[in-house]
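One structure below.
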Amino acid sequence: TIAAGETQFIHTGLAIEIPAGYAGLVYARSGLACKRGLAPANKVGVIDADYRGEIMVALHNHSNVDQTIESGERIAQLVITPYITGCFHTVDELSDTVRGEGGFGSTGRHFYSIPLTKRDHTIHIGIYALGISVIFINL
């Protein structure tokens, strides 16, 4: 049982060998997160290729009631994905960009309109770093 507002490590009993150049990403199950408020505490867990221990999921209870996890219940999903290893260099200055040093919220103000009308609606699309927001505005 995971108390409301608490986090517990849930043992899966599983160990895997991920190939070099790949990582395992542990994501929430949408139904469990939306219906019961249970999701990985760190939002996305990362399993490195050289890890050989048991996979555990740090599950956080975002709800206001205690939640019980049953044996065999699906609590997360694992995606195996390749990754790129960067090559870093120390430099005295960085190249200029349109964004520059614009930080939090600086990209959320820019909208791009698609000239498409249907039933007196124009679709405006805001493009963000992690997704696309679609807003319908009545003309």
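Here the sequence shown is numbered in my numbering, starting from 3 and rising by one per residue.
Don't be surprised by glycine CBs; every beta carbon is placed ideally from N, CA and C.
Which residue wins for smallest C-alpha separation from R31, given the options Q79, D68, D50, Y85? By 1-based counting over the sequence shown, the position of residue 31 is 29. Out of Q79, D68, D50, Y85, the CA that lies nearest to the CA of R31 is found in Q79.
Buried versus exposed call for I4 [16 or more other C-beta atoms within 10 Å across all chains shown]: Residue 4 sits at position 2 when you count from the first residue of the sequence shown. Burial call: buried.
Run through DSSP, which three-state label would G33 get? Along the sequence shown, one-based indexing puts residue 33 at 31. Helix, per DSSP.
Beta-carbon proximity list for I49, same chain, < 8 Å, skipping 5 on both sides: Sequence index remark: in the sequence shown, residue 49 carries index 47 (1-based). Non-local C-beta neighbours of I49 in its own chain, meaning closer than 8 Å and more than five positions away in sequence, comprise I18, I20, A25, G26, L27, V28, I57, L80, ordered along the chain.
For N66, collect the residues of the same chain with a Cβ closer than 7 Å to its Cβ; drop the 5 residues on either side in sequence, then sort them by chain order. Indexing the sequence shown from 1 puts residue 66 at position 64. Cβ neighbours of N66 beyond the five flanking positions: A6.
In terms of alpha-carbon separation, which member of D52, I71, G102 lies closest to A41? Translated into positions along the sequence shown, residue 41 becomes position 39. Shortest Cα-Cα distance from A41 to any of D52, I71, G102 involves I71.
Straight-line gap, G74 to D52 (C-alpha atoms, nearest Å): For this step, residue 74 is matched to residue 72 along the sequence shown. For this step, residue 52 is matched to residue 50 along the sequence shown. Each residue's Cα considered, the two are about 26 Å apart.
Look at A60 and A35 and say whether their C-beta atoms are less than 7 Å apart. The residue labelled residue 60 in the question sits at position 58 within the sequence shown. The residue labelled residue 35 in the question sits at position 33 within the sequence shown. Going by C-beta atoms, A60 is not nearer than 7 Å to A35.
Where A22 and E8 are concerned, what is the direct C-alpha to C-alpha distance, given to the nearest angstrom? For the purposes of this step, residue 22 is taken as residue 20 along the sequence shown, with counting starting at 1. For the purposes of this step, residue 8 is taken as residue 6 along the sequence shown, with counting starting at 1. Rounded to whole angstroms, the gap between the alpha carbons of A22 and E8 is 34 Å.
Beta-bridge partners of T83, as assigned by DSSP: Translated into positions along the sequence shown, residue 83 becomes position 81. Beta-bridge partners of T83 (DSSP): A25.
Where G102 and L96 are concerned, what is the direct C-alpha to C-alpha distance, given to the nearest angstrom? Stepping through the sequence shown from its first residue, residue 102 is reached at position 100. Stepping through the sequence shown from its first residue, residue 96 is reached at position 94. Taking the straight line from one Cα to the other gives about 10 Å.
Rounded straight-line distance, which links the Cα of V46 to that of P84: Locating residue 84 in the sequence shown gives position 82, counting from the first residue. Locating residue 46 in the sequence shown gives position 44, counting from the first residue. CA-CA distance, P84 to V46, rounds to 16 Å.
Cα-Cα separation between T14 and D98, rounded to whole angstroms: Mapped onto the sequence shown, residue 14 falls at position 12. Mapped onto the sequence shown, residue 98 falls at position 96. CA-CA distance, T14 to D98, rounds to 47 Å.
DSSP puts I4 in a beta bridge; with which residues? The residue you call residue 4 lines up with position 2 of the sequence shown. Beta-bridge partners assigned by DSSP to I4: Q69.
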